[in-house]
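For reference, the structure discussed in these notes is given below.
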Amino acid sequence: MFPNSKIEAIDINKIFINNCKKRNSDNSILFKHKNIIEKINEKEKYDLILFSFNGLTNILEEKEVRMALNNIYNLLKKGGKFIFTIHDMFSTEEYKNYW
1 MFPNSKIEAI DINKIFINNC KKRNSDNSIL FKHKNIIEKI NEKEKYDLIL
51 FSFNGLTNIL EEKEVRMALN NIYNLLKKGG KFIFTIHDMF STEEYKNYW
């Protein structure tokens, strides 16, 4: 997909990571089990960190949000990009009064 890139995928769910490893038969992606709200001592720095599927908004405690953002900041190279997705808080009736 990106021949000159090294792609790492990180998730909190070990089952998800194991399933992804099985589906990635050519080993073009390195999968790791980590929790973004715990201290991460990673020597590797990244050009891009993508946090998808509302992962950031599922962290409810302020101190955990701060830890996640601090980890992301420390994992980025200088000038690196952080992209995250969130859904509109009014998009579903279930969460209409949540926010």
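All residue numbers in the sequence shown are consecutive under UniProt numbering, ending with 99.
For each residue, glycine too, the CB sits at the ideal point set by N, CA and C.
Got a sec, what are the start and stop residues for the beta strand (DSSP E) residue 16 sits in? Judged by DSSP secondary structure, residue 16 falls outside any beta strand (DSSP E) and instead within the alpha helix (DSSP H) spanning 14-23.
DSSP three-state call for residue 44: helix, strand or coil? Secondary structure at residue 44: coil, using DSSP grouped into helix, strand and coil.
Let me make sure I understand the geometry here. Which of 34, 52, 47 has the alpha-carbon closest to that of residue 79? Relative to the Cα of residue 79, the nearest Cα in the group 34, 52, 47 belongs to 47.
Distance, Cα to Cα, residue 74 vs residue 25? As the crow flies, the alpha-carbon of residue 74 is around 31 Å from that of residue 25.
With three or more beta-carbon pairs closer than 8 Å as the criterion, would you say the region 48-61 touches the region 18-35? No contact exists between the region 48-61 and the region 18-35.
Spatial neighbours of residue 72 within its chain, please: C-beta separation below 8 Å, excluding the five flanking residues on both sides. Excluding five sequence positions before and after residue 72, the CB atoms of its chain that fall closer than 8 Å to its own CB belong to 36, 49, 51, 82, given in chain order.
Cβ neighbours of residue 40 in the same chain (closer than 8 Å, five flanking residues each side left out): Same-chain partners within the cutoff: 34, 71, 74, 75.
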